Structures are given as C-alpha cells and as structure tokens.
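Residue numbers (this note's numbering): 1 to 135. Report on one structure; see the data block that follows.
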C-alpha cells in the first residue's frame with residue numbers, strides 16, 4: 001500500500017483545533033488530543049449550562065422579588081403576589097418584576113398594595129388598571 005502524506009490537510013485540521021485551545025494553559029493549549037478532549041467537554045458543559053442558566057436566573061428573580069416585598073413590610077409574600085397577579089390577569093413576568101424590584105422599589109410596593117387589598121380579595125377576577133409613576 002502506498003504511503004499517504006497528509007501534510008496540508010493534517011496541519012489545517014490541527015491549526016483549526018489549536019485555535020480552540022488558545023486560551024488554555026499547559027498541555028490543553030499544545031497537544032492536539034488534549035485540545036480535542038477539552039473541546040468536547042466545553043460543548044457538553046455549554047449544552048448542560050444553557051438549561052441550568054434559565055433555572056438560576058428564575059431563582060434569582062424570585063429571590064429579589066420576595067426580598068423587596070418583605071422589606072417593605074407588606075402583608076404578603078412572593079407566592080401570594082404571583083397568585084394574585086394571575087387572578088387579576090396582569091401579565092408581568094418574573095423578570096420584569098425583578099427589574100422593578102431593583103430599579104424602582106416604590107413602584108413594586110405600589111403595585112403589590114393595589115393588587116392585594118383586603119376589600120378586593122373576595123371580588124371576582126377583573127382586569128384592573130394601575131397608574132404608576134407621578135401624575
């Protein structure tokens with residue numbers, strides 16, 4: 001069988017592989033086989049952590065909303081607020097509520113006070129309108 005010299009093709013493949021390991025240290029940036037293994041590990045980690053990132057951000061938003069609600073001394077917690085939002089058909093997701101909690105705490109407290117009133121608690125679920133901010 002004749003010998004095949006894969007000079008250009010092999011160099012091109014290894015160069016492309018080495019460009020992936022350029023930010024690593026030691027053998028992870030020099031040895032082709034180690035770089036290939038690290039690339040596979042990076043792909044697996046990125047695929048796994050894309051789903052994990054969504055869960056972690058949701059937990060962070062819930063924690064921020066709950067902290068601001070409890071800080072203002074309101075008579076409710078996170079679960080009551082979210083339940084009432086759904087009953088009142090206010091379409092505010094957790095990300096928006098968390099941004100309100102960080103940047104405009106008074107707005108979130110006004111919103112939660114308007115939503116959770118004792119006299120409105122037993123009413124039928126209706127759409128309510130709340131004016132936020134200064135008139």
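Even for Gly, the Cβ is constructed at its ideal location relative to N, Cα and C. Remember, predicted model here, so these are calculated numbers, not experimental data.
{"Query": "Can you name the start and end residues of the alpha helix (DSSP H) that residue 169 belongs to?", "Result": "Look at the range of the chain in this structure, 1 to 135, and you will see that residue 169 is not part of it."}
{"Query": "Please report the Cβ distance between residue 77 and residue 66, rounded to the nearest whole angstrom; I am assuming they are in contact, meaning their Cβ atoms lie under 8 Å.", "Result": "6 Å"}
{"Query": "Pop quiz: residue 147 and residue 116 are said to be a contact at Cβ under 8 Å. What is the actual Cβ separation, rounded to whole angstroms?", "Result": "In this structure the chain extends from 1 to 135, so residue 147 is not present and cannot be described."}
{"Query": "To the nearest angstrom, how far is it from the Cα of residue 110 to the Cα of residue 53?", "Result": "31 Å"}
{"Query": "Buried or exposed: residue 40, going by 16 or more other Cβ atoms within 10 Å of its Cβ?", "Result": "exposed"}
{"Query": "Rank 69, 4, 18 by C-alpha distance to the C-alpha of residue 36 and give the top, closest one.", "Result": "18"}
{"Query": "Shortest alpha-carbon distance to residue 114 belongs to which of 99, 102, 85?", "Result": "85"}
{"Query": "Hey, how far is the Cα of residue 68 from the Cα of residue 9?", "Result": "60 Å"}
{"Query": "Does the Cβ-Cβ distance between residue 23 and residue 30 come in under 9 Å?", "Result": "no"}
{"Query": "Taking only three categories from DSSP, how would you classify residue 44?", "Result": "helix"}
{"Query": "Since residue 108 is in the alpha helix (DSSP H), which residue starts that stretch and which ends it?", "Result": "105-115"}
{"Query": "Using a Cβ-Cβ cut-off of 8 Å (strictly less than) and excluding sequence neighbours within five positions of residue 14, which residues of its own chain qualify?", "Result": "32"}
{"Query": "Please return the same chain residues whose Cβ sits closer than 6 Å to the Cβ of residue 108, not counting the five positions on each side in sequence.", "Result": "68, 100, 101"}
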